[in-house]
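In what follows, a single structure is set out as structure tokens and then discussed.
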Amino acid sequence: MTVLLMPGDAPPARYIAEDRHGMMAMAKADDGWCAALDRHNMCCSIYPQRPTICREFAMGGEDCQIARADWANGVGLGD
Ligand code: SF4
Numbered sequence: 065m066t067v068l069l070m071p072g073d074a075p076p077a078r079y080i081a082e083d084r085h086g087m088m089a090m091a092k093a094d095d096g097w098c099a100a101l102d103r104h105n106m107c108c109s110i111y112p113q114r115p116t117i118c119r120e121f122a123m124g125g126e127d128c129q130i131a132r133a134d135w136a137n138g139v140g141l142g143d
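According to our numbering, the residues represented by the sequence shown are 65 to 143, in order.
Listed below in structure tokens is the structure:
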């Protein structure tokens, strides 16, 4: 899942990358997860600065369920 940055989003620069379409997005680590994800507790390490898309993502909502299913099936990492 790609987290595109919207105007006004200002995560730390070390977590920003240009995606394959030239859009600015949250960088991904080699494992496909967002680079800002704390792997020890699986929580956002930049929670107060998280992008708009992350703020609007409803935990347990339809998009969340789709992302979880994709992850469980190994789909979507790196997309
Ligand atoms: S909530 Fe945090 S860790 Fe999750 S995708 Fe957004 S910036 Fe990355």
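From the three backbone atoms N, C-alpha and C, an ideal C-beta is built for every residue, glycine too.
Residue i, DSSP secondary structure in three states
i, result
"I80", "strand"
"A74", "coil"
"A133", "helix"
"C118", "helix"
Given residue i as reference, the closest of the options once Cα atoms are compared
i, options, result
"M123", "G138, N137, C107 and Q113", "C107"
"M90", "C128, H104 and Q113", "Q113"
Exposed unless 16 or more other CB atoms sit within 10 angstroms - verdict on residue i
i, result
"D102", "exposed"
Beta-bridge pairing of residue i - partner residues as DSSP gives them
i, result
"D102", "C107"
Residue i: CB within 7 Å of a non-hydrogen atom of the ligand SF4
i, result
"R114", "yes"
"M88", "no"
"P76", "no"
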